[in-house]
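Residues 9 to 60, numbered by my numbering, are exactly what the sequence shown covers, in order. We put the beta carbon where it would ideally sit given N, CA and C, even for glycine.
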Amino acid sequence: FYRVDSARSRESGSTGLGLAIVKALVSAHGGEVVVQSEGPGQGSKFVVTLPR
Numbered sequence: 009f010y011r012v013d014s015a016r017s018r019e020s021g022s023t024g025l026g027l028a029i030v031k032a033l034v035s036a037h038g039g040e041v042v043v044q045s046e047g048p049g050q051g052s053k054f055v056v057t058l059p060r
């Protein structure tokens, strides 16, 4: 996961590491992260699946 366009950067100074951290934690537990999006400005859905 990475920020494609630096112009989309938040003014709060976020480093953009949140999804990378989630992916690492979920992968370490044998799960997966799936992203669904209708396109720019439409929002995104993030689904985290973990094994039982």
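- Boundaries for GLN50: no beta strand (DSSP E) harbours it, and the DSSP string shows neither H nor E there.
- Cβ atoms of VAL34 and VAL56 come within 8 Å of each other, at about 6 Å.
- The alpha-carbon of VAL41 is positioned some 15 Å away from that of LEU25.
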